[in-house]
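Have a look at the structure below, then the notes.
Protein chains: 2
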Amino acid sequence: MKMKPQDDEPRLRLRLFFANGAMIGPGKADLLEVIRDTGSISAAGRAMSMSYKRAWSLVEEMNTAFRTPLVERARGGVKGGGAALSEAGETVLAHYRALERKAQEAGADEIAGIQALLSDMSDET
Amino acid sequence: MKMKPQDDEPRLRLRLFFANGAMIGPGKADLLEVIRDTGSISAAGRAMSMSYKRAWSLVEEMNTAFRTPLVERARGGVKGGGAALSEAGETVLAHYRALERKAQEAGADEIAGIQALLSDMSDET
DNA sequence: CTGCGATATGTTTCACCGAACATATCCATT
DNA sequence: AATGGATATGTTCGGTGAAACATATCGCAG
Numbered sequence: 000m001k002m003k004p005q006d007d008e009p010r011l012r013l014r015l016f017f018a019n020g021a022m023i024g025p026g027k028a029d030l031l032e033v034i035r036d037t038g039s040i041s042a043a044g045r046a047m048s049m050s051y052k053r054a055w056s057l058v059e060e061m062n063t064a065f066r067t068p069l070v071e072r073a074r075g076g077v078k079g080g081g082a083a084l085s086e087a088g089e090t091v092l093a094h095y096r097a098l099e100r101k102a103q104e105a106g107a108d109e110i111a112g113i114q115a116l117l118s119d120m121s122d123e124t
Numbered sequence: 000m001k002m003k004p005q006d007d008e009p010r011l012r013l014r015l016f017f018a019n020g021a022m023i024g025p026g027k028a029d030l031l032e033v034i035r036d037t038g039s040i041s042a043a044g045r046a047m048s049m050s051y052k053r054a055w056s057l058v059e060e061m062n063t064a065f066r067t068p069l070v071e072r073a074r075g076g077v078k079g080g081g082a083a084l085s086e087a088g089e090t091v092l093a094h095y096r097a098l099e100r101k102a103q104e105a106g107a108d109e110i111a112g113i114q115a116l117l118s119d120m121s122d123e124t
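Which chain is which? The protein sequence lines are A and B, in order. Quick note, the first sequence lines up with residues 0 to 124 if you use numbering that gives the first Met the number 0. Quick note, the second sequence lines up with residues 0 to 124 if you use numbering that gives the first Met the number 0.
Here is the structure:
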């Protein structure tokens with residue numbers, strides 16, 4: 000009577016550190032994604048319940064870290080402004096997601112090997 | 000005239016989150032390694048310039064998170080005490096290192112793809 | 001039975017990060 | 001030129017986690 004394991008599988012989170020000090024991890028990737036979906040930094044911040052300032056700071060970091068800004072920002076205009084992913088932004092996001100996927104696949108065995116040694120958690124709530 | 004790239008290659012760091020709340024990342028892995036090399040928690044702490052308390056806390060976390068303690072500790076004795084990796088400890092460490100390696104390999108292309116878009120850093124000190 | 005070196009833990013202090021608050025600025029539309 | 005929604009940016013405040021400090025305990029060697 001083994002019910003299908005929903006999502007008790009471990010999650011692998013990875014972060015890339017570059018030589019220039021820049022880094023990208025789950026937070027920035029998610030932010031890029033939500034900015035693309037919502038069309039604005041502030042909307043993305045709200046959606047992720049993250050302060051606008053923080054969201055903006057992360058965008059600023061990314062834009063300066065890369066040769067081409069990942070997020071293109073517009074002030075004023077029809078709806079006051081907005082933000083969208085640049086070509087580079089789309090590319091970086093896609094690469095990062097692919098990296099996550101591949102890493103998870105490639106390491107599945109090792110992950111399982113570690114998990115097998117974990118404390119029992121069958122009766123946890 | 001392409002000189003050999005020393006270590007400006009980006010470093011991939013990954014952390015595993017398990018369902019029971021336990022997690023393991025570069026810090027714990029390194030600590031395990033140094034404990035194995037030095038034979039004591041305090042020596043490991045010194046070697047990594049980490050407070051003994053912090054090192055001990057991490058060990059404690061790991062030991063409770065896994066069914067079998069990863070680090071076996073001894074108080075008193077010939078040289079006052081000591082610590083060593085258990086079988087499980089060795090296994091977990093090995094798995095984690097392998098995971099790192101495989102992930103880095105599997106994601107090499109994506110990593111390169113992201114790095115190619117980074118700000119120029121050829122003239123950085 | 002005392003000393004040593006390491007483990008084991010509690011308490012306090014501090015630096016940093018993010019949240020919250022506060023404005024300032026921009027500009028197509030009306 | 002007035003509006004409005006979003007970007008842009010500085011400042012203050014509080015919580016969290018690590019560092020620092022302080023002991024307590026253990027057990028063999030001598």
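From the three backbone atoms N, C-alpha and C, an ideal C-beta is built for every residue, glycine too. Owing to the predicted nature of the structure, the values given are computational and were not obtained by experimental measurement.
Asked: Where the stretch 10-34 of chain A meets chain B: residues whose CB sits under 8 Å from a CB there; Found: Arg10, Leu11, Arg12, Leu13, Arg14, Leu15, Phe16, Phe17, Ala18, Asn19, Ala21 and Ile23
Asked: Every unbroken beta strand (DSSP E) within the stretch 18-95 of chain A, with a cutoff of 3 residues, ordered by chain; Found: 70-74 and 80-84
Asked: Top-ranked residue by Cα proximity to Ile40 of chain B, from B:Ala105, B:Leu84 and B:Ala115; Found: B:Leu84
Asked: Val77 of chain A burial status per 10 Å Cβ neighbour count (16 or more: buried); Found: exposed
Asked: Distance CB(Leu117 of chain B)-CB(Phe17 of chain A) smaller than 7 Å; Found: yes
Asked: C-beta contact flag for Gly88 of chain B and Leu31 of chain B at 7 Å; Found: yes
Asked: Status (buried if at least 16 other CB within 10 Å, exposed otherwise) for Gly75 of chain B; Found: exposed
Asked: Distance, Ala28 of chain B Cα to Gly106 of chain B Cα; Found: 21 Å
Asked: Reduced DSSP secondary structure (H/G/I, E/B, other) of Leu116 of chain B; Found: coil
Asked: Min CB distance Glu109 of chain A to chain B below 7 Å; Found: yes
Asked: Chain A within 7 Å of Ser118 of chain B, Cβ atoms only; Found: yes
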